[in-house]
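A.B. asks: Sharing a structure below in structure tokens format, with a few things to ask.
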Amino acid sequence: MPYNPTRALELLCLGTQNPKAAFRDGQEEAIQHVVDGKGRLLVVQKTGWGKSSVYFIAAKLLREQGQGPAILISPLLSLMRNQIEAAKRMGVRAFTMHSGNTEEWDAVELAIRQDKVDILLISPERLGNERFRSGVLAPAAQRISLLVVDEAHCISDWGHDFRPHYRFITNIVRTLPKNLRLLATTATANNRVLHDLGKVLGPDLEVSRGDLSRPSLLLQTIQMPSQAERLAWLAQHIPTVSGSGIIYTLTVRDAELVAKWLRLQGVDAKAYSGESDPAERVELENALLSNEVKVLVATTALGMGFDKPDLAFVIHFQMPGSVVHYYQQVGRAGRNLAAAYGALLSGEEETEIGDYFIESAFPSPADVETILAALEAEDDGLTVNELMDQVNVSKGRIDKALLLMSLESPAPIAKEGTKWKLTVAALSAVFWERAERLTALRRGEQKQMQEYVQLEDGHMEFLIEALDGDPSSYRKPKLKPLPETVDEAMVRKAVTYLRRSSLPLEPRKMWPAGGLPKMQVKGKIKPEHQAQPGKVLCMWGDAGWGTLVREGKHDGQFSDDLVTACVDLIQKWAPQPTPEWVTCVPSLRHPKLVPSFAKRLAKALGLPFHMALEKTENRPAQKTMANSHKQAANLDGSLAVNVDEMPTGPVLLVDDMVDSKWTLTVAAYLLTSNGSGPVYPLALASTANSDE
Numbered sequence: 051m052p053y054n055p056t057r058a059l060e061l062l063c064l065g066t067q068n069p070k071a072a073f074r075d076g077q078e079e080a081i082q083h084v085v086d087g088k089g090r091l092l093v094v095q096k097t098g099w100g101k102s103s104v105y106f107i108a109a110k111l112l113r114e115q116g117q118g119p120a121i122l123i124s125p126l127l128s129l130m131r132n133q134i135e136a137a138k139r140m141g142v143r144a145f146t147m148h149s150g151n152t153e154e155w156d157a158v159e160l161a162i163r164q165d166k167v168d169i170l171l172i173s174p175e176r177l178g179n180e181r182f183r184s185g186v187l188a189p190a191a192q193r194i195s196l197l198v199v200d201e202a203h204c205i206s207d208w209g210h211d212f213r214p215h216y217r218f219i220t221n222i223v224r225t226l227p228k229n230l231r232l233l234a235t236t237a238t239a240n241n242r243v244l245h246d247l248g249k250v251l252g253p254d255l256e257v258s259r260g261d262l263s264r265p266s267l268l269l270q271t272i273q274m275p276s277q278a279e280r281l282a283w284l285a286q287h288i289p290t291v292s293g294s295g296i297i298y299t300l301t302v303r304d305a306e307l308v309a310k311w312l313r314l315q316g317v318d319a320k321a322y323s324g325e326s327d328p329a330e331r332v333e334l335e336n337a338l339l340s341n342e343v344k345v346l347v348a349t350t351a352l353g354m355g356f357d358k359p360d361l362a363f364v365i366h367f368q369m370p371g372s373v374v375h376y377y378q379q380v381g382r383a384g385r386n387l388a389a390a391y392g393a394l395l396s397g398e399e400e401t402e403i404g405d406y407f408i409e410s411a412f413p414s415p416a417d418v419e420t421i422l423a424a425l426e427a428e429d430d431g432l433t434v435n436e437l438m439d440q441v442n443v444s445k446g447r448i449d450k451a452l453l454l455m456s457l458e459s460p461a462p463i464a465k466e467g468t469k470w471k472l473t474v475a476a477l478s479a480v481f482w483e484r485a486e487r488l489t490a491l492r493r494g495e496q497k498q499m500q501e502y503v504q505l506e507d508g509h510m511e512f513l514i515e516a517l518d519g520d521p522s523s524y525r526k527p528k529l530k531p532l533p534e535t536v537d538e539a540m541v542r543k544a545v546t547y548l549r550r551s552s553l554p555l556e557p558r559k560m561w562p563a564g565g566l567p568k569m570q571v572k573g574k575i576k577p578e579h580q581a582q583p584g585k586v587l588c589m590w591g592d593a594g595w596g597t598l599v600r601e602g603k604h605d606g607q608f609s610d611d612l613v614t615a616c617v618d619l620i621q622k623w624a625p626q627p628t629p630e631w632v633t634c635v636p637s638l639r640h641p642k643l644v645p646s647f648a649k650r651l652a653k654a655l656g657l658p659f660h661m662a663l664e665k666t667e668n669r670p671a672q673k674t675m676a677n678s679h680k681q682a683a684n685l686d687g688s689l690a691v692n693v694d695e696m697p698t699g700p701v702l703l704v705d706d707m708v709d710s711k712w713t714l715t716v717a718a719y720l721l722t723s724n725g726s727g728p729v730y731p732l733a734l735a736s737t738a739n740s741d742e
């Protein structure tokens with residue numbers, strides 16, 4: 051049965067809830083290409099063009115012709131709520147299977163067997179799941195009418211966003227019947243990625259490529275090194291822009307910091323990140339869609355899959371890592387507006403953050419070598435926790451190394467139950483070639499964004515050319531650029547805010563797996579021996595106090611300004627019962643640094659200081675321990691009580707740095723086990739990162 055243009059348009063009107071809807075350039079042609087089975091198709095169109103309309107309408111038309119269900123592979127299922135709702139309005143029976151809805155899998159499998167599924171949306175990880183392959187994919191394989199690969203650039207390890215699990219797709223495509231309909235979609239594929247996709251998806255892959263220009267967007271870059279300046283700029287200028295928008299930050303911490311600051315300045319702002327509760331994320335998205343909130347301050351968790359046609363501005367608090375990421379994010383603004391703002395505020399911390407992301411993207415040869423050696427020594431294999439006991443590698447890097455090695459073909463390791471074991475295969479040199487190439491690619495992308503930040507004009511043209519598009523059609527919208535000035539009084543206000551933004555310090559409640567043998571402890575930490583909820587003055591090197599902490603650590607003396615800041619923090623914190631004395635964590639390497647600070651703090655608080663703990667032996671610095679298990683083991687037996695009679699009242703326990711919290715946990719256990727009252731930890735700076 052040939053393509054039915056009348057029915058296709060009717061479905062578009064239902065999905066968009068617009069009775070006068072019309073197809074965008076290339077949309078109807080793509081749908082007809084798929085429905086009529088004219089061969090494999092790759093659609094490269096900017097975000098907001100309507101790629102989801104193509105595959106949902108095509109799937110519905112194929113089902114109405116009596117053909118089987120479609121399967122869509124996407125890494126963004128949790129972000130596709132709007133698109134799935136549009137599909138349902140068309141009468142498309144869309145079901146999802148991913149790690150977040152395992153309780154629904156049985157019902158989905160039954161619906162597939164009963165032929166009640168029009169399109170099944172799965173994450174790429176499902177392709178590596180044996181239950182899915184044997185229980186869902188195999189029985190339905192002969193009936194599948196269409197395979198859709200969304201975000202197809204993730205297949206290519208030449209791309210900005212290579213996803214290891216997408217390598218499963220490469221193997222599946224090779225086994226597909228030649229006549230099976232295949233539709234791949236992406237918003238971001240340069241010529242290099244297109245060439246790669248052609249090799250993976252088929253030599254006869256037809257490409258439909260649209261215009262990359264965003265004529266409604268006025269782009270500008272403003273260099274403001276300090277966070278205080280950028281906070282002041284946001285508070286001063288966002289209220290002057292009509293409509294609502296998004297501010298992107300590189301970290302969760304900054305998303306929360308910026309949102310709180312804006313609220314204090316009278317701007318209706320909410321933080322949005324991957325750490326937000328899923329239900330709360332839906333509420334926040336809906337609030338922005340309906341203009342009930344002025345701005346969402348978000349990490350990249352609010353990225354692909356979110357579509358608001360009348361978004362008035364997208365502002366970046368720091369520089370993203372690549373042109374592609376920036377183009378995707380800033381391109382959320384002005385999709386259905388004559389003019390919208392895209393401003394990038396470049397700050398001094400962005401390079402350090404970017405370097406961290408690049409350096410942690412792939413395991414090092416040393417990491418892999420130690421992991422493989424540990425597995426080789428254990429015939430029965432090792433769990434991740436057992437690996438953490440044996441190798442000085444962070445959990446995040448262990449997880450990443452295991453995942454990447456397990457996806458090699460042939461794979462040098464395999465998982466049996468909870469344990470990882472070696473296989474007969476060796477790790478291919480291709481693994482390291484890919485890691486080196488991708489690391490070099492990320493460095494190039496970072497450098498390209500640094501060039502973008504320096505531009506005074508031609509921003510959109512730069513982005514289009516970087517994506518191998520034609521910038522000749524772009525014309526700036528008639529919109530006055532946002533001011534680059536900032537009020538000095540507002541900057542001072544922002545500095546004060548940053549210096550009052552402490553961090554919570556939640557106590558550990560469990561000893562590490564296997565316990566601490568020398569201390570003879572394991573399992574749960576008894577409540578009476580746990581540290582109380584504590585406080586951290588700042589992030590290491592952060593705006594506010596972080597720079598001063600870094601300088602003090604380097605100079606061997608923390609300034610009196612930090613003493614005053616901690617007194618102010620403690621007065622606002624007001625722990626109950628109130629601390630009656632002060633102690634600190636000892637160190638053999640820097641015996642005077644923390645005690646000197648703690649004594650001055652005790653004096654300022656009018657409390658006695660007691661050096662209640664001592665370091666019994668010199669162990670490697672905690673910062674050299676890469677994971678939580680190693681950090682805990684490094685402390686086992688290295689601290690002891692240093693007083694004949696322990697003061698009995700509540701105590702303030704001071705340290706300069708906190709990361710895994712094991713030092714404070716062990717110190718609190720020793721103090722309380724020897725008769726102290728509740729222990730309130732206070733650290734000057736946190737060095738914790740998202741890798742652990």
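So in the working numbering, the last one in the sequence shown is 742, and the numbering has no gaps at all.
A virtual CB, placed ideally from N, CA and C, is assigned to each residue, including glycine.
(1) Going by DSSP in three states, Pro731 sits in which element: helix, strand or coil?
(2) Relative to the alpha-carbon of Ser323, which residue among Thr349, Arg303, Tyr298 has its alpha-carbon at the smallest distance?
(3) Nearest to Pro728 by CA position, among Ala690, Cys616, Lys576, Ser637, is which residue?
(4) On the premise that Leu233 lies in contact with Ala108, defined as a C-beta separation below 8 Å, what is that separation, rounded to the nearest angstrom?
(5) With a CB to CB cut of under 7 Å and the five nearest residues on each side skipped, what residues in its chain are close to Gln82?
(6) Look at the alpha carbon of Thr220 and the alpha carbon of Glu175, and state the distance between them as a whole number of angstroms.
(7) Around the C-beta of Met675, are 16 or more other C-beta atoms found within 10 angstroms, so that it is buried, or is it exposed?
(8) Taking Ala516 as the reference, give the member of Val317, Tyr376, Leu126 with the closest Cα.
(9) Looking at C-alpha atoms only, which residue of Ala563, Thr420, Ala383 is the closest neighbour of Thr97?
(10) Using the three-state DSSP reduction, which class does Gly446 fall into: helix, strand or coil?
(11) Quick one: using the 10 Å Cβ neighbour count with 16 as the cut-off for buried, is Gly404 buried or exposed?
(12) Quick check: what's the CA-CA separation for Met369 versus Tyr391?
(13) Mind checking who Thr754 pairs with in its DSSP beta bridge?
(14) Taking its Cβ as the centre, do 16 or more other Cβ atoms sit within 10 Å of Lys320, making it buried, or is it exposed?
(15) Please classify Met696: does DSSP put it in a helix, a strand, or coil?
(16) Could I get the ranges of all uninterrupted alpha helix (DSSP H) runs contained in the region 631 to 657, with 4 residues as the minimum, in chain order?
(17) Do the region 649 to 666 and the region 517 to 532 touch if we need at least three Cβ pairs shorter than 8 Å?
(18) In whole angstroms, what separates the C-alpha of Leu555 from that of Gln582?
(19) Please report how far the alpha carbon of Tyr502 lies from the alpha carbon of Arg493, in whole angstroms.
(20) When the distance is taken between beta carbons, is Ile296 closer than 9 Å to Ile365?
(21) Please classify Asn341: is it buried, with 16 or more other beta-carbons within 10 angstroms of its beta-carbon, or exposed?
(22) Within 10 angstroms of the Cβ of Lys622, are there 16 or more other Cβ atoms? Answer buried if so, exposed if not.
(23) Please determine whether the Cβ atom of Glu402 lies at a distance below 8 Å from any heavy atom of the ligand COA.
(24) Judging by CA-CA distance, which residue of Gln500, Val474, Ala237, Glu466 is the nearest neighbour of Ser263?
(25) Looking at the secondary structure, which residues open and close the alpha helix (DSSP H) in which Gly494 lies?
(26) Leaving out five residues before and five after Ser740 in sequence, what residues of the same chain have Cβ atoms less than 7 Å from its Cβ?
(27) Look at the Cβ atom of Gly397, then the Cβ atom of Met589, and state whether they are nearer than 9 Å.
(28) Taking the straight line between their C-alpha atoms, what separation do you get for Leu457 and Gln498?
(29) Where His148 and Leu122 are concerned, what is the direct C-alpha to C-alpha distance, given to the nearest angstrom?
(30) Tell me where the beta strand (DSSP E) around Cys588 begins and ends.
(31) Quick check: Ile272 and Leu394, are their CB atoms within less than 9 Å of each other?
(32) So what's Asp618 in DSSP terms, helix, strand or just coil?
(33) Ignoring anything shorter than 3 residues or poking outside the region 215 to 240, list the beta strand (DSSP E) runs there in chain order.
(34) Tell me the residue span of the beta strand (DSSP E) that contains Glu256.
(35) Have a look at Glu742 and Gln378 and give me their C-alpha separation to the nearest angstrom.
C.D. replies: Quick look at the numbers:
(1) As a position in the sequence shown, residue 731 is number 681, starting the count at 1. Pro731 falls in the strand class under three-state DSSP.
(2) Stepping through the sequence shown from its first residue, residue 323 is reached at position 273. Checked all of Thr349, Arg303, Tyr298; the closest Cα to Ser323 is Thr349.
(3) Residue numbering aside, residue 728 sits at position 678 when the sequence shown is read from its first letter. When only C-alpha atoms are compared, the closest one is Lys576.
(4) For the purposes of this step, residue 108 is taken as the residue at position 58 of the sequence shown. For the purposes of this step, residue 233 is taken as the residue at position 183 of the sequence shown. Contact holds; Cβ gap of about 7 Å.
(5) Sequence index remark: in the sequence shown, residue 82 carries index 32 (1-based). Setting aside the 5 residues that flank it on each side, Gln82 is surrounded in the same chain by Tyr53, each with a C-beta closer than 7 Å to its C-beta; the list follows chain order.
(6) Walking along the sequence shown from the start, residue 220 turns up at place 170. Walking along the sequence shown from the start, residue 175 turns up at place 125. Approximately 13 Å, taken between the alpha carbons.
(7) To locate residue 675, count along the sequence shown from 1; it is residue 625. So Met675 ends up on the buried side.
(8) For the purposes of this step, residue 516 is taken as the residue at position 466 of the sequence shown. Considering only alpha carbons, the answer is Tyr376.
(9) The residue labelled residue 97 in the question sits at position 47 within the sequence shown. Out of Ala563, Thr420, Ala383, Ala383 has the C-alpha closest to the C-alpha of Thr97.
(10) In the sequence shown, counting from the first residue as 1, residue 446 sits at position 396. Reduced to three states, the DSSP call for Gly446 is helix.
(11) Here residue 404 corresponds to residue number 354 of the sequence shown, with the count starting at 1. It is buried - the Cβ of Gly404 has at least 16 other Cβ atoms within 10 Å.
(12) Indexing the sequence shown from 1 puts residue 369 at position 319. Indexing the sequence shown from 1 puts residue 391 at position 341. Their Cα atoms are separated by approximately 16 Å.
(13) Since the displayed the chain opens at 51 and closes at 742, residue 754 lies outside it and no answer follows.
(14) Along the sequence shown, read from residue 1 onward, the residue named residue 320 stands at position 270. Its Cβ being crowded by 16 or more others within 10 Å, Lys320 is buried.
(15) One-based indexing of the sequence shown puts residue 696 at position 646. Coil, per DSSP.
(16) 643 to 655
(17) no
(18) Within the sequence shown, numbered from 1, the residue matching residue 555 stands at position 505. Within the sequence shown, numbered from 1, the residue matching residue 582 stands at position 532. When rounded, the distance between both Cα atoms is 9 Å.
(19) Locating residue 502 in the sequence shown gives position 452, where the first residue counts as 1. Locating residue 493 in the sequence shown gives position 443, where the first residue counts as 1. Computed Cα separation, rounded: 14 Å.
(20) In the sequence shown, residue 365 corresponds to position 315, counting from 1. In the sequence shown, residue 296 corresponds to position 246, counting from 1. Result yes, Cβ atoms of Ile365 and Ile296 sit closer than 9 Å.
(21) Counted from its first residue, the sequence shown places residue 341 at position 291. Exposed, by the Cβ-count rule.
(22) In the sequence shown, residue 622 corresponds to position 572, counting from 1. With fewer than 16 Cβ atoms within 10 Å of its Cβ, Lys622 is classed as exposed.
(23) For the structure depicted, the ligand COA is absent and the ligand set is empty, with no information on it obtainable.
(24) Stepping through the sequence shown from its first residue, residue 263 is reached at position 213. Checking every option, the nearest Cα to that of Ser263 belongs to Ala237.
(25) Position 444 of the sequence shown, counted from the first residue, corresponds to residue 494. Start and end: 479 to 503.
(26) As a working note, residue 740 is residue 690 in the sequence shown. Since pLDDT at Ser740 reaches only 36, below the 50 mark, its modelled position is unreliable, and no value is offered.
(27) Within the sequence shown, numbered from 1, the residue matching residue 397 stands at position 347. Within the sequence shown, numbered from 1, the residue matching residue 589 stands at position 539. The answer is no: Cβ separation not under 9 Å.
(28) For the purposes of this step, residue 457 is taken as residue 407 along the sequence shown, with counting starting at 1. For the purposes of this step, residue 498 is taken as residue 448 along the sequence shown, with counting starting at 1. If I take the Cα positions, the gap works out to 30 Å.
(29) Stepping through the sequence shown from its first residue, residue 148 is reached at position 98. Stepping through the sequence shown from its first residue, residue 122 is reached at position 72. Spanning the two alpha carbons is a distance of roughly 12 Å.
(30) One-based indexing of the sequence shown puts residue 588 at position 538. That run of the beta strand (DSSP E) goes 584 to 589.
(31) Within the sequence shown, residue 272 is the residue found at index 222, counting from 1. Within the sequence shown, residue 394 is the residue found at index 344, counting from 1. Yes, these two residues count as a Cβ contact at 9 Å.
(32) Residue numbering aside, residue 618 sits at position 568 when the sequence shown is read from its first letter. Here Asp618 carries a helix assignment [DSSP, helix/strand/coil].
(33) 231 to 236
(34) What you label residue 256 is simply residue 206 of the sequence shown in a count that begins at 1. Looking at the DSSP string, the run of the beta strand (DSSP E) that includes Glu256 is 256 to 259.
(35) On the sequence shown, residue 742 is found 692 positions in, with the first residue counted as 1. On the sequence shown, residue 378 is found 328 positions in, with the first residue counted as 1. Low per-residue confidence applies at Glu742: pLDDT is 28, beneath 50, and the placement is therefore not dependable enough to give any value.
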